[in-house]
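Colleague:
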Amino acid sequence: MRFVVQLLLTIIVIAVVAWWRRQRGLATHKGLSREEFVRYFAEIDVPDVVSGEVYDHFREMVGVRGYRPSPTDSFEETFKMSGEDFDDELKELLPRLGLEIPHSGKLRDWTRPLATLSDLVQWINWVRSNSKAEID
Numbered sequence: 034m035r036f037v038v039q040l041l042l043t044i045i046v047i048a049v050v051a052w053w054r055r056q057r058g059l060a061t062h063k064g065l066s067r068e069e070f071v072r073y074f075a076e077i078d079v080p081d082v083v084s085g086e087v088y089d090h091f092r093e094m095v096g097v098r099g100y101r102p103s104p105t106d107s108f109e110e111t112f113k114m115s116g117e118d119f120d121d122e123l124k125e126l127l128p129r130l131g132l133e134i135p136h137s138g139k140l141r142d143w144t145r146p147l148a149t150l151s152d153l154v155q156w157i158n159w160v161r162s163n164s165k166a167e168i169d
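For reference, each letter of the sequence shown is one residue, going 34 to 169 in the numbering used here.
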């Protein structure tokens, strides 16, 4: 019984240390200010509202004080996100911009993978430009 308790405590300590290291890493992450992030995408004709909403969404999602997103942040590496997690984020993010996920036939027209925040911002801009929705 004593061995089981020690094993559980060891697992808990390892989990807490791993969580703390990840939080600390995100807090010291070298990202951009919101203004820099928006300006980065304005240079490729992405409306401020699109890039700004992505910035705000992922900053809120991480929930770590001091975290500043970067266009190169990877969904897999930075956010530890894939598959269903990513789909859930899209379902939350797109309506905030008055957009919907396009039907599968239209989605086939986008051939690049969505691996980074830059990919996502450009994809959302593509969805917007192929949608009837108007975003200011």
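Cβ coordinates follow ideal geometry from the N, Cα and C atoms, glycine included.
At the level of alpha carbons, what is the spacing between Arg72 and Ser115?
Modeller: So the two alpha carbons sit approximately 27 Å from each other.
Colleague: Which value, in whole angstroms, describes the spacing of the CA atoms of Arg145 and Leu40?
Modeller: 45 Å
Colleague: Given a threshold of 16 other Cβ atoms within 10 Å of its Cβ, counted over all protein chains shown, does Ile77 qualify as buried or as exposed?
Modeller: It is exposed - the Cβ of Ile77 has fewer than 16 other Cβ atoms within 10 Å.
Colleague: Could you check whether Val87 and Leu153 sit closer than 8 Å to each other, using their CB atoms as the reference points?
Modeller: yes
Colleague: Assign Ser137 to one of three DSSP states: helix, strand, or coil.
Modeller: helix
Colleague: Per DSSP, what kind of secondary structure is Thr105 in: helix, strand or coil?
Modeller: coil
Colleague: Determine the closest residue to Phe108 out of Phe36, Asp120, Lys139, with distance taken between C-alpha atoms.
Modeller: Asp120
Colleague: Report the partner residues of Thr149 according to the DSSP bridge assignment.
Modeller: Ser107
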